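I have placed the structure first, in the form of structure tokens, so that the comments after it can refer back to it.
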Amino acid sequence: MSLILCRQEPVKRPFFFEYLGIRIFSSQELCYVIYNNPLLVMEGFIDESLLEFIREDLDMAFFAAKLEKWQKSDEEEDELLAMILHECDYYSASEVGQFRQKLASLRRLPQSELFKEKADFLFHKKQYGKAAALYLKILNMTKADRGSDAFTAKVYNNLGAAYARLFLMDKALSAYEKSYELSKSEEALKKICHLSQWNASVVPGERFLPLMTEELQKICREERELADEAAGKAQSLNELEQLFQKDPIKRFQGAGELVSKWKKEYRNIMS
Amino acid sequence: MDGLIIGLDLCDAYTRICCHDREKSWSIPTVICKKKDEEAWYIGEEAYAYTLVGEGIIVDKLIKMVRKDGTATLGGTKYEGLDLLKLFLKKILKLPMEEFFCEEIKQLVITMQKVDGKLMDALMYCADALGIERERVHIISHTESFVYYVLSQKKEVWGNQVGVFDLSEDSFHYHELKVQRGLRKMMVIAEHEALEESFNLDILDTPSGGKLADKILCSCVDRLMQKKLFSSVFLTGKGFECHDWAKDSMKMLCSRRKVYMEPELFARGAAFKGMDYLQDNSAYPFICICEGHLHSTVSLRVLHKERESQLIVAAAGDNWYEAKSSVDLIIDKQDYVEFLVTPMDPKQKRLVKIPLEGFPNRPDRTTRLGISFGFLDEKTMAVVLKDKGFGELFPATDAVIRQEVML
């Protein structure tokens, strides 16, 4: 339990971290992003724009020069990331040590699995466009590099989920169908069924029609009803209702903020 | 040195003004007069003169008027006390500026018997209106002026205790200081007492009244200075301009110590302080504990470079009006802020805990807490705790806690 004394940093031009679609305004935020998103910062994170941010806005010219020098001498990127964490005095030495270990364990993964980890991470961050691009990158690998059929089926399944969240239903259906073909999994079949029920224009291939039993369709309908019910009780919906009960000035102000937030989220999702 | 360093002793009856390193000083009644049917203003004796011949309307007790948000109607126009004070200050500051052919005020230190936040704000407003930068204006108590005046004298003057009697038209005050030599820094402890034995100076005009006043002063000297070792005693104020009435008390005062008459003691002390503001290293390396200064140190336990330390937000001896600061801290696994208040007697130190009620729940170390401190008087600290969020990762909310802490 403590209060950490912050560095005073007169940041005028924040650093834009494209993967998360956010701007970083301080060394503490930079450390937080690095520490909590190792998959996103492992490759090419330390570039000229970051060095400029450290040098000019965080007012750490000496440290930026040191990073630049180490980078030119082909020092491992992991080491440079750990140096940033260490320098900014936001994480303890033991936490920086744990971060190094985490990076090392990720580096040991085959490239296809590393890509999938990264894509799954982006998916959880609602960055569906970026996640889908990475899943496709895995699927474009040779079969030997890609790994087993079970692994490929999982990738197709996740690609389908990403497409569905991007409202690209035809592509989502195609990905789920491929996932089913490789895994014969009930879950994949259920998702195909869900898609077809949710959107009438999405019609599964003929070979899937006999598999859509009456029982499966009933289960999917029930699940959808439950999901609809849960959505109706969502916290965000309550907040929206509360907003519309406020006086016109506060309502318009709140609505403006909410629309800006949605726009930002949507841009991140689609990018 | 370009620019004047002015010490201004502002009282309801008389105002004294002097400049550092300049002998000439002015002492004028704190009154302002507006000429009838004309936008012309006069202060001091001139104001009395115009009023006596019936050409002007006079206003006195300007300080009291400002304190009470009072107004005065002159020639059918209503004036705020604050505006009249501003006009008075403008006029009085012109005296040294014209005398020494200098347009610039480098430092203006105003000293007053009783200093409060409202009056300080009012004086700062006047300074703004007169085009004097706030950084150049300071307001201190008479006690503090006394400290600076005394410590600007030779060491033998303040080797032991030092007292000052201030006898003016409307009050009788006693200030006393003692220098404590510590291992690290000298400490000056100065106290002040408004004497109940105050009397109207008009009684000094008659022999019997003078005798009575002498007796009163004798009893005060006896009560206040008995059993203490004094190096020197100062006498100031209009009542001591002529001290023929104080024969017996002078005998008492002058035994075993030196007695000095210094009519502009407070204004001179203020000018010494003004000079000190301009120095990179203070010529007065001591902690001053007196009226207008904090008697306790307030600190926060913080983590810096993985080490715990006490971040001092205000130190004992700081001028409370100028002791304003703000700091940003990141909260790590705690839902409160705890201040350590350390008075002069460290045994009485205590913790003041402020829970962060209404602050959002976030992961560890993702709430930047903006803490601003200020003082309402020397015993009351005002704290504002604000949720500053954590950039775009965790946007700030409008959660704010305002609390007053008694020191």
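Note that the protein sequences, when read in sequence, are chains A and B.
Residue 0 is where the first sequence starts when you use numbering that gives the first Met the number 0, and the numbers rise one by one after that.
Residue 0 is where the second sequence starts when you use numbering that gives the first Met the number 0, and the numbers rise one by one after that.
All residues carry an ideal CB built from backbone N, CA and C; glycine is no exception.
A quick note: this is a predicted structure, and the numbers were derived from the prediction, not measured.
(request) Under 7 Å between beta-carbons, which chain B residues line up against ASP88 of chain A? List them in chain order, please. (result) Here the question's residue 88 of chain A lines up with position 89 in the first sequence. Result: LYS304.
| So, ALA161 of chain A versus ALA130 of chain A, is the Cβ gap smaller than 9 Å? | Within the first sequence, the letter at position 162 stands for residue 161 of chain A. Within the first sequence, the letter at position 131 stands for residue 130 of chain A. At the C-beta level, ALA161 of chain A and ALA130 of chain A come within 9 Å of one another.
Candidates A:GLU176, A:SER182 and A:LYS125, of which the one nearest PHE150 of chain A by Cα: Stepping through the first sequence from its first residue, residue 150 of chain A is reached at position 151. Comparing Cα positions, the closest option is A:SER182.
Comparing alpha-carbon positions, which option in B:TRP244, B:GLU143, B:LEU223 and B:PHE171 lies nearest SER207 of chain B?
Here residue 207 of chain B refers to the residue found at position 208 when the second sequence is read from its first residue. Among B:TRP244, B:GLU143, B:LEU223 and B:PHE171, the Cα nearest to that of SER207 of chain B belongs to B:TRP244.
* Return helix, strand or coil for GLY291 of chain B, following the three-state DSSP convention. => As a first step, residue 291 of chain B must be located in the second sequence, where it is residue number 292. In the structure shown, the three-state DSSP call for GLY291 of chain B is coil.
inquiry  = Check this for me: beta carbons of LEU167 of chain A and ILE191 of chain A, under 9 Å apart or not?
reply    = The residue given as residue 167 of chain A occupies position 168 in the first sequence. The residue given as residue 191 of chain A occupies position 192 in the first sequence. In this structure, ILE191 of chain A does not lie closer than 9 Å to LEU167 of chain A by Cβ.
Practice prompt. Assuming CYS30 of chain A and TYR90 of chain A form a contact by the criterion Cβ under 8 Å, report the distance between their Cβ atoms to the nearest whole angstrom.
Written response: On the first sequence, position 31 is the one that residue 30 of chain A refers to. On the first sequence, position 91 is the one that residue 90 of chain A refers to. About 6 Å; that satisfies the 8 Å criterion.
Notebook entry, point to check: Rounded to the nearest angstrom, how far is the Cβ of PHE229 of chain B from that of GLN160 of chain B, given a contact under 8 Å?
Noted result: By 1-based counting over the second sequence, the position of residue 229 of chain B is 230. By 1-based counting over the second sequence, the position of residue 160 of chain B is 161. 5 Å between Cβ atoms; contact.
- Start-end ranges of the alpha helix (DSSP H) lying completely within the stretch 150-216 of chain A, minimum 4 residues: Listed in chain order, the alpha helix (DSSP H) runs fully inside the stretch 150-216 of chain A are 168-182 and 185-197, counting runs of at least 4 residues.
* Asked: Does GLU28 of chain A come within less than 9 Å of chain B when only Cβ atoms are used?
  -> Walking along the first sequence from the start, residue 28 of chain A turns up at place 29. Taking Cβ atoms only, chain B reaches closer than 9 Å to GLU28 of chain A, which makes this a yes.
To the nearest angstrom, report how far apart VAL95 of chain A and GLU356 of chain B are at their CA atoms. Locating residue 95 of chain A in the first sequence gives position 96, counting from the first residue. Locating residue 356 of chain B in the second sequence gives position 357, counting from the first residue. Across the structure, VAL95 of chain A and GLU356 of chain B are spaced so that their CA atoms are roughly 32 Å apart.
CB-CB length for LEU158 of chain A against LEU135 of chain A, believed under 8 Å: By one-based count along the first sequence, residue 158 of chain A stands at place 159. By one-based count along the first sequence, residue 135 of chain A stands at place 136. So it is a contact: roughly 7 Å between Cβ atoms.
Quiz item: For LYS89 of chain B, does the three-state DSSP call read helix, strand or coil?
Solution: As a first step, residue 89 of chain B must be located in the second sequence, where it is residue number 90. In the three-state reduction of the DSSP assignment, LYS89 of chain B falls in the helix class, which pools H, G and I.
Residue environment, ASN156 of chain A, which counts as buried when at least 16 other CB atoms sit within 10 Å:
Within the first sequence, the letter at position 157 stands for residue 156 of chain A. Its Cβ being crowded by 16 or more others within 10 Å, ASN156 of chain A is buried.
**OP:** For ASP221 of chain B, count neighbouring C-beta atoms within 10 Å of its own C-beta (all shown protein chains included) and say buried if the count is 16 or more, exposed if not.
**Re:** Locating residue 221 of chain B in the second sequence gives position 222, counting from the first residue. It counts as exposed.
Bridge partners for MET260 of chain B per DSSP, in chain order? By one-based count along the second sequence, residue 260 of chain B stands at place 261. MET260 of chain B is bridged to B:LEU234.
Q) What does PHE243 of chain A reach in chain B if we use C-beta pairs closer than 9 Å? A) Along the first sequence, read from residue 1 onward, the residue named residue 243 of chain A stands at position 244. Within 9 Å Cβ-Cβ: nothing; PHE243 of chain A doesn't reach chain B, min ~20 Å.
**Request:** Taking TRP40 of chain B as part of the beta strand (DSSP E), name the residues at either end of that continuous run.
**Result:** Taking the second sequence and counting its residues from 1, one reaches residue 40 of chain B at position 41. 40-42 is the span of the beta strand (DSSP E), which, as asked, contains TRP40 of chain B.
Within the stretch 40-83 of chain B, note down every full alpha helix (DSSP H) run reaching 4 residues or more, in order along the chain. Taking 4 residues as the minimum length, the alpha helix (DSSP H) runs contained wholly in the stretch 40-83 of chain B are 43-51 and 61-66, in order along the chain.
If you compare alpha carbons, which of B:ILE215, B:MET251, B:ILE353 and B:LYS346 is closest to MET407 of chain B?
-> Residue numbering for chain B in the displayed model covers 0 to 406; residue 407 of chain B lies beyond these limits and cannot be assessed.
Original post:
For the candidate residues B:THR296, B:ARG306 and B:GLU196, whose alpha-carbon lies nearest to that of ALA314 of chain B?
Top reply: Here residue 314 of chain B refers to the residue found at position 315 of the second sequence. Nearest C-alpha to ALA314 of chain B: B:THR296.
Original post:
Taking all protein chains shown into account, do 16 or more other C-beta atoms lie within 10 angstroms of the C-beta of ASP204 of chain B, making it buried, or fewer, making it exposed?
Top reply: Numbered from its first residue, the second sequence carries residue 204 of chain B at position 205. Result: exposed.
Compile a chain-ordered list of the residues in the stretch 175-193 of chain A whose CB is closer than 8 Å to at least one CB of chain B.
Close to chain B, meaning a Cβ-Cβ distance shorter than 8 Å, is no residue of the stretch 175-193 of chain A at all.
Considering LYS115 of chain A, what are the terminal residues of the alpha helix (DSSP H) in which it resides?
-> Here the question's residue 115 of chain A lines up with position 116 in the first sequence. Note, LYS115 of chain A: alpha helix (DSSP H), 110-123.
- Of all the CB atoms in chain B, is at least one closer than 9 Å to the CB of PHE120 of chain A? If you number the first sequence from 1, residue 120 of chain A lands on position 121. So, not an interface residue.
request  = Under 8 Å between beta-carbons, which chain B residues line up against ARG250 of chain A? List them in chain order, please.
outcome  = For this step, residue 250 of chain A is matched to residue 251 along the first sequence. Counting only Cβ-Cβ distances below 8 Å, ARG250 of chain A has no contacts in chain B at all, with the closest Cβ about 17 Å away.
| Leaving out the 5 sequence neighbours to the left and right, which residues in its chain are closer than 6 Å to ILE286 of chain B when beta-carbon positions are compared? | Your numbering for residue 286 of chain B matches position 287 in the second sequence. Hits under 6 Å: LYS184, MET186 and GLY316.
Report task. Within the same chain, show all residues whose beta-carbon is closer than 8 Å to that of GLY253 of chain A, passing over the 5 residues directly before and after it, in chain order. Result -> Within the first sequence, residue 253 of chain A is the residue found at index 254, counting from 1. The beta carbon of GLY253 of chain A lies closer than 8 Å to those of LEU242 and LYS245 in the same chain, with the five residues before and after it left out.
Practice prompt. Pick out whichever of A:VAL10, A:ASN237 and A:LYS189 has its Cα sitting closest to the Cα of ARG223 of chain A.
Written response: Counting from one through the first sequence, the residue named residue 223 of chain A turns up at place 224. With respect to the C-alpha of ARG223 of chain A, the residue from A:VAL10, A:ASN237 and A:LYS189 having the closest C-alpha is A:LYS189.
Exercise. Going by CA-CA distance only, name the one from A:CYS87, A:PHE52, A:ILE45 and A:ASP56 that's closest to TRP69 of chain A.
Key: Locating residue 69 of chain A in the first sequence gives position 70, where the first residue counts as 1. For the set A:CYS87, A:PHE52, A:ILE45 and A:ASP56, the Cα lying nearest the Cα of TRP69 of chain A is the one of A:ILE45.
Near-chain B residues of the stretch 23-52 of chain A (beta-carbon distance less than 7 Å), N- to C-terminal order | Contact residues of the stretch 23-52 of chain A toward chain B are ILE23, PHE24, SER25, GLN27, GLU28 and TYR31 (C-beta to C-beta distance below 7 Å).
Discussion item. Between B:VAL232, B:MET249, B:MET260 and B:GLY291, which has its C-alpha nearest GLU240 of chain B's C-alpha?
Written reply: Translated into the one-based positions of the second sequence, residue 240 of chain B becomes position 241. When C-alpha distances from GLU240 of chain B are compared across B:VAL232, B:MET249, B:MET260 and B:GLY291, the shortest belongs to B:MET260.
- prompt: For a contact meaning CB atoms closer than 7 Å, what does ILE330 of chain B contact in chain A?
  reply: Sequence index remark: in the second sequence, residue 330 of chain B carries index 331 (1-based). By Cβ distance, chain A contributes LEU2.
Given that a residue counts as buried once 16 or more other Cβ atoms are within 10 Å of its Cβ, and exposed if not, what is PHE271 of chain B?
-> In the second sequence, the residue the question calls residue 271 of chain B occupies position 272. Buried: at least 16 other Cβ atoms inside 10 Å.
* Partner residues on chain B for SER91 of chain A, Cβ-Cβ distance less than 9 Å -> In the first sequence, residue 91 of chain A corresponds to position 92, counting from 1. Those are GLU305, listed as they occur along chain B.
Query raised in the report: At which residue ranges does the stretch 300-374 of chain B contain complete beta strand (DSSP E) runs of 3 or more residues, listed in the order of the chain?
Result: Listed in chain order, they are 306-313, 324-331, 335-341 and 349-354.
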